[in-house]
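Participant:
And the structure:
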């Protein structure tokens, strides 16, 4: 049995992964729900294999899309290597959604009646290193005089509580909607995907924490992207979505840059 002071085993490895750390692009990609893996000390949390493979454990396809976007945009990508069932890194420690004991229709036995000590241990082992690495990268880029556009990549289930979702890609934002506006205006001229603002979630659902923590206090352009996961279940779909989203980001950033250069608000 693992000692209580040991959170990750050698086989577990680090909680945070970074790809293309020397990327020269202005976009910094983040994928909070990249993995369904659980640290060894937690076993299965009392869940079935089907539950652990479902959207409650991770965002299926999101990492694969983010990895392709990283290559296309020459962007650094930071992602969490463990399941949001242990800690949802897109939620602050005081949020009930950070360590849920129920997700949609699934009860999560291993998350029931967590002690303050256990909650603190998960926070210090998963959330703090993850958000700390994002902060570190942004500070390094700022010291180098490089701009940063913070983009988080997620996927969502096509059926939630029995309700079919028609939206295919969501462009989400909080108070700062500059980049979202530009992307939505460009997307309105296409027919490849059904794209909507703040769907199937919005800031009122508490889903923009990473953007609020890092981008908005610094005035950085930012956006959260949600992709319906049945559209990115295979390599062809992942490639199609990455091409579309990378192009949308490029065009959106370029439009805002031109607007600023021309003296726009």
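Numbering (this note's numbering), first residue to last: 42 to 306. Note that the Cβ used here is the ideal one computed from N, Cα and C, for glycine as well.
(1) Can you tell me whether residue 140 is helix, strand or coil according to DSSP?
(2) Report the residue from 282, 65, 251 whose alpha carbon sits nearest the alpha carbon of residue 133.
(3) Between the beta-carbon of residue 175 and the beta-carbon of residue 119, is there less than 8 Å?
(4) Could you tell me the alpha carbon to alpha carbon distance between residue 122 and residue 179, rounded to whole angstroms?
(5) How about residue 72 and residue 208: are their beta carbons less than 8 Å apart?
(6) Counting C-beta neighbours from all protein chains within 10 Å, is the total for residue 181 16 or more, i.e. buried, or is it exposed?
(7) In the DSSP assignment, find the unbroken beta strand (DSSP E) run with residue 193 in it and report its ends.
(8) With burial defined as no fewer than 16 other Cβ atoms inside 10 Å of the residue's Cβ, what is the status of residue 303: buried or exposed?
(9) From the DSSP secondary-structure annotation, give me the bridge partner or partners of residue 58.
(10) Is the segment 198-212 touching the segment 253-268, taking contact as three or more C-beta pairs under 8 Å?
(11) Helix or strand or just coil, what does DSSP make of residue 237?
(12) Taking the continuous beta strand (DSSP E) assigned at residue 267, which residues delimit it?
(13) Among residues of its own chain, excluding the 5 on either side of residue 60, which ones have a beta-carbon nearer than 7 Å to its beta-carbon?
(14) Leaving aside the five residues before and after residue 198 along the sequence, list all residues of the same chain whose C-beta is less than 7 Å from its C-beta, in chain order.
(15) If you compare alpha carbons, which of 85, 68, 67, 57 is closest to residue 75?
(16) Secondary structure at residue 126, three-state DSSP: helix, strand or coil?
Facilitator: Taking the geometry as given:
(1) helix
(2) 251
(3) yes
(4) 20 Å
(5) no
(6) exposed
(7) 190-197
(8) exposed
(9) 120
(10) The answer is yes - the segment 253-268 touches the segment 198-212, with three or more Cβ pairs under 8 Å.
(11) strand
(12) 263-269
(13) 108, 111, 118
(14) 96, 270
(15) 57
(16) coil
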